[in-house]
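**Student:**
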Amino acid sequence: GIGGAVLGLAASVVIGRSIIKPLSSLEATALAVSKGDPDARAQASGPRELAHLGSTLNDMMDAMEERAQQLRLTNEELLDRHRQLMDARAQAATDQLTGVLNHRTFHERIRDAATQAETTGESVGLIMLDIDDFKGFNDSLGHQAGDEALRGVALSIAQVVKKEDTYRYGGDEFAVLLPGADSRKTIQVAEQVRRAVAAVPACNGKNITVSLGIAEFPGMAQSAEELLYRADMAMYWAKSTGKNRVGDWDGLLSRRTGDIVPGYVSRRGAEAQDTIAALVASLRAKDPITGAHSERCSWYIARLAEELDFSEEEASALRLAALLHDIGKLT
């Protein structure tokens with residue numbers, strides 16, 4: 001009767017509570033996990049099935065936390081390896097003495113810059129610069145002083161252009177690559193660099209100066225290789241016609257002949273100067289391809305003379321001979 005009904009109701013309440021509490025715990029745990037709480041755990045007590053479900057959920061959460069920790073450790077290891085790789089690449093791209101980018105990186109960047117310029121239609125300026133009388137500087141003051149001079153030149157360049165645009169091309173020669181710069185802008189920057197280097201205090205009574213040559217793509221060159229050797233040739237002309245100055249290949253033939261012809265020829269009189277300048281201009285005007293070939297030969301000869309430690313007058317004579325070796329094609 002009534003007693004049985006009351007007993008049944010009481011039993012239902014007890015059973016309901018024993019079920020509802022674990023279910024509420026499971027629900028709360030699931031909600032906490034969905035909100036990003038990795039430490040949430042369910043109640044693993046109550047009726048056997050619900051206790052087993054709670055225990056299984058907790059085991060799953062433990063496994064997920066362990067996996068997440070493994071992923072965090074793996075990610076940290078990958079980030080560390082990435083940093084090491086970036087450091088190694090930076091070291092491989094950097095000249096260790098001066099801290100600027102090195103020869104290998106320069107050749108990669110100049111090719112990339114020329115390719116991009118062809119696509120975008122923008123210009124690329126190049127400055128090549130060489131320390132004047134560096135061999136004598138080294139011989140008289142020692143290699144340690146020479147190293148200090150190289151670092152000083154690198155710092156002077158950094159006063160004018162960004163470090164990532166500056167390269168040590170080799171020995172006492174540096175390069176500055178200027179994406180987006182036309183010939184006028186490149187000449188302006190080169191002159192600023194020249195003045196910055198010349199302003200460095202003398203080292204043991206010896207002042208440091210540089211000779212610079214500029215070229216611009218595509219106005220003065222049609223490839224990265226041509227851009228390089230034209231800027232380099234302009235630098236050699238600047239060095240052979242007074243030093244501590246800026247030269248550009250296109251400007252050389254339009255200036256007075258005394259600026260074009262190497263010093264040892266200039267000393268032989270105006271007639272020799274005018275004759276040589278006229279021959280160079282005539283060859284270039286009649287056959288630009290042959291003129292460009294002569295320029296390349298002159299550039300390679302200059303490089304060989306430098307490696308063989310020829311005097312500046314000897315190197316100048318060889319450069320001029322190479323520049324004029326195709327002159328017979330004018331007839």
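What the sequence shown shows, in the working numbering, is residues 1 to 331, in sequence order. By construction, the Cβ of each residue, glycine as well, lies at the ideal position given by its N, Cα and C atoms.
1) Starting from residue 115, trace the beta strand (DSSP E) in both directions and tell me its first and last residue.
2) Looking only at its own chain, which residues have a Cβ that is under 6 Å from the Cβ of residue 173, when we skip the five neighbours before and after it?
3) Tell me, please, which residues DSSP counts as bridged to residue 248.
4) Just the C-alpha distance for residue 94 and residue 40, rounded to the nearest angstrom, thanks.
5) Measuring straight from C-alpha to C-alpha, what distance separates residue 72 and residue 65?
6) I'd like to check one pair, residue 127 with residue 221: are the Cβ atoms closer than 8 Å?
7) Buried or exposed: residue 180, going by 16 or more other Cβ atoms within 10 Å of its Cβ?
8) Is residue 125 near residue 216, with beta carbons less than 8 Å apart?
9) Taking the alpha-carbon of residue 198 as reference, which of 108, 324 and 152 has the nearest alpha-carbon?
10) Let me check one thing: in DSSP terms, what residues is residue 166 bridge-paired to?
11) For residue 141, which residues of its own chain have a beta-carbon under 6 Å away from its beta-carbon, when the five flanking residues on both sides are left out?
12) Taking DSSP's pairing of strands, which residues face residue 128 in a bridge?
13) Hey, how far is the Cα of residue 34 from the Cα of residue 100?
14) For my contact list, residue 110 and residue 177 are in at a C-beta cut-off of 8 Å; report their separation, rounded to the angstrom.
15) Between residue 156 and residue 200, is the Cβ-Cβ spacing less than 8 Å?
16) Does DSSP put residue 94 in a helix, in a strand, or in coil?
17) What is the rounded straight-line gap between the Cα of residue 104 and the Cα of residue 29?
18) Can you give the Cα-Cα distance for residue 193 and residue 143, rounded to whole angstroms?
19) Return the first residue and the last residue of the alpha helix (DSSP H) that residue 325 is part of.
20) Once you ignore the five residues that flank residue 32 on each side, which residues in its own chain have a CB closer than 6 Å to its CB?
21) Following the continuous alpha helix (DSSP H) through residue 235, name the residue where it begins and the one where it ends.
22) Distance, Cα to Cα, residue 313 vs residue 228?
23) Taking the alpha carbon of residue 333 as the reference point, which residue from 53, 165, 74 and 80 has its own alpha carbon closest?
24) What number of angstroms, rounded off, separates the C-alpha of residue 185 from the C-alpha of residue 123?
**Tutor:** In this structure, then:
1) Translated into positions along the sequence shown, residue 115 becomes position 115. Counting along the chain, residue 115 falls outside any beta strand (DSSP E), though it belongs to the alpha helix (DSSP H) covering 103-120.
2) Counting from one through the sequence shown, the residue named residue 173 turns up at place 173. For residue 173, where only same-chain residues beyond five positions count, the Cβ hits under 6 Å are 130.
3) The count along the sequence shown starts at 1 and reaches residue 248 at position 248. 214, per the DSSP bridge assignment.
4) Looking up residue 94 in the sequence shown gives position 94. Looking up residue 40 in the sequence shown gives position 40. If you take the alpha carbons of residue 94 and residue 40, they lie about 51 Å apart.
5) As a first step, residue 72 is located in the sequence shown; it is residue number 72 there, counting from the start. As a first step, residue 65 is located in the sequence shown; it is residue number 65 there, counting from the start. Answer to the nearest angstrom: the Cα atoms are 10 Å apart.
6) What you label residue 221 is simply residue 221 of the sequence shown in a count that begins at 1. What you label residue 127 is simply residue 127 of the sequence shown in a count that begins at 1. Taking 8 Å as the Cβ cut-off, residue 221 and residue 127 do not qualify as a contacting pair.
7) Taking the first residue of the sequence shown as position 1, residue 180 is located at position 180. Residue 180 should be labelled exposed.
8) Taking the first residue of the sequence shown as position 1, residue 125 is located at position 125. Taking the first residue of the sequence shown as position 1, residue 216 is located at position 216. Cβ distance < 8 Å, so residue 125 and residue 216 count as in contact.
9) In the sequence shown, the residue the question calls residue 198 occupies position 198. The residue with the shortest Cα to Cα distance from residue 198 is 152.
10) In the sequence shown, residue 166 corresponds to position 166, counting from 1. Paired residue(s): 176.
11) The residue labelled residue 141 in the question sits at position 141 within the sequence shown. Excluding positions up to five away in sequence, the list reads 204.
12) Counting from one through the sequence shown, the residue named residue 128 turns up at place 128. In the DSSP output, where bridge partners are listed per residue, residue 128 has 175 and 213.
13) Taking the sequence shown and counting its residues from 1, one reaches residue 34 at position 34. Taking the sequence shown and counting its residues from 1, one reaches residue 100 at position 100. If you take the alpha carbons of residue 34 and residue 100, they lie about 52 Å apart.
14) Position 110 of the sequence shown holds residue 110. Position 177 of the sequence shown holds residue 177. Indeed they touch by this definition, with Cβ atoms about 6 Å apart.
15) As a first step, residue 156 is located in the sequence shown; it is residue number 156 there, counting from the start. As a first step, residue 200 is located in the sequence shown; it is residue number 200 there, counting from the start. In contact: residue 156 and residue 200 (Cβ atoms closer than 8 Å).
16) Here residue 94 corresponds to residue number 94 of the sequence shown, with the count starting at 1. DSSP places residue 94 in strand when its eight states are reduced to three.
17) If you number the sequence shown from 1, residue 104 lands on position 104. If you number the sequence shown from 1, residue 29 lands on position 29. Going from the Cα of residue 104 to the Cα of residue 29 covers about 59 Å.
18) The residue labelled residue 193 in the question sits at position 193 within the sequence shown. The residue labelled residue 143 in the question sits at position 143 within the sequence shown. Near 24 Å, if we compare the C-alpha coordinates of residue 143 and residue 193.
19) Stepping through the sequence shown from its first residue, residue 325 is reached at position 325. Unbroken run through residue 325: none, as it is neither H nor E.
20) Taking the sequence shown and counting its residues from 1, one reaches residue 32 at position 32. So the list reads 40, once near-sequence residues are dropped.
21) Along the sequence shown, one-based indexing puts residue 235 at 235. Run containing residue 235: 224-240, per the alpha helix (DSSP H) assignment.
22) Residue numbering aside, residue 313 sits at position 313 when the sequence shown is read from its first letter. Residue numbering aside, residue 228 sits at position 228 when the sequence shown is read from its first letter. Answer to the nearest angstrom: the Cα atoms are 23 Å apart.
23) What the structure shows of the chain is the stretch from 1 to 331, and residue 333 is not part of that stretch, so it cannot be assessed.
24) For the purposes of this step, residue 185 is taken as the residue at position 185 of the sequence shown. For the purposes of this step, residue 123 is taken as the residue at position 123 of the sequence shown. Answer to the nearest angstrom: the Cα atoms are 10 Å apart.
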